[in-house]
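K.L.:
For the sequence shown, the working numbering assigns the number 12 to the initial residue and increments by one for each residue that follows.
All C-beta atoms, glycine included, are put in the ideal place defined by N, C-alpha and C.
Below: one structure in C-alpha cells.
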Amino acid sequence: IFGGDGGVAVKVLQVREVPLPEPTENQVLVKVRSAALNFPDILLIAGKYQFKPPLPFTPGLEVAGPIEKVGSAVEGLKLGQRVLAQMPMGGFAEYGVAEAGAVQTIPDSMTDDEAAILGRLEELELESRVLRDAYLRVH
Numbered sequence: 012i013f014g015g016d017g018g019v020a021v022k023v024l025q026v027r028e029v030p031l032p033e034p035t036e037n038q039v040l041v042k043v044r045s046a047a048l049n050f051p052d053i054l055l056i057a058g059k060y061q062f063k064p065p066l067p068f069t070p071g072l073e074v075a076g077p078i079e080k081v082g083s084a085v086e087g088l089k090l091g092q093r094v095l096a097q098m099p100m101g102g103f104a105e106y107g108v109a110e111a112g113a114v115q116t117i118p119d120s121m122t123d124d125e126a127a128i129l130g131r132l133e134e135l136e137l138e139s140r141v142l143r144d145a146y147l148r149v150h
C-alpha cells in the first residue's frame, strides 16, 4: 500500500493486510508469484503519473501466477492456469484481479519472472516500430 498525507504522496511503502479482491463476472483472480516493476509504477508511487489514484493504493500493473478464481462470464481461462495479467493497479499484493481480456496464458517453458516482464517488452517493441531510426535504451 502506498500512503499519503492529506492527498499528498508521502514517500513510504507499507505492508498492510487488505481484503482478498473478488473478481467480477469478466475478471479473474490471480495469485501473484511475480510482479514487474515498471516506469509507470515508479511514477504512480511518486505521485507524478498522468492520473493520481486515491491514497492509499497498491501499485503494480503486470503480474504472473496461477488463476485462483474465474468470473462467471469468463471463457477460455480456468483455475490453476499460469497467466501473465495486466491490471490497472494492485499487482504488488499476494492476489490481484484482472480483466479476462488482459490475461495471457504462460507456456510451461517460461518462468513466472520471465512472464511478468513480457507486457512491458511488448510495449517497447511497439514503440521501437513507431520510432524508426531512434535509439532504444533498455535498463
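The alpha helix (DSSP H) that contains Ala57, what's its start and end?
P.N.:
The sequence position of residue 57 within the sequence shown is 46, counting from 1. Here the alpha helix (DSSP H) through Ala57 covers 50-57.
K.L.:
State buried or exposed for Leu10, treating a residue as buried only when at least 16 other CB atoms are found within 10 Å of its CB.
P.N.:
This structure cannot speak to residue 10, because the chain is shown only from 12 to 150.
K.L.:
Is the beta carbon of Gly107 closer than 8 Å to that of Gly82?
P.N.:
As a position in the sequence shown, residue 82 is number 71, starting the count at 1. As a position in the sequence shown, residue 107 is number 96, starting the count at 1. No. Outside cutoff.
K.L.:
Is it buried or exposed for Gly76, if we count other Cβ within 10 angstroms and need 16 for buried?
P.N.:
Mapped onto the sequence shown, residue 76 falls at position 65. Classification for Gly76: buried.
K.L.:
In terms of alpha-carbon separation, which member of Ala127, Pro64, Pro30, Thr35 lies closest to Met100?
P.N.:
If you number the sequence shown from 1, residue 100 lands on position 89. Ranking Ala127, Pro64, Pro30, Thr35 by Cα distance to Met100 puts Pro64 first.
K.L.:
For Tyr106, which beta-bridge partners are listed by DSSP?
P.N.:
Start at 1 with the first residue of the sequence shown, and residue 106 comes out as number 95. DSSP output for Tyr106 lists Lys42 as bridge partner(s).
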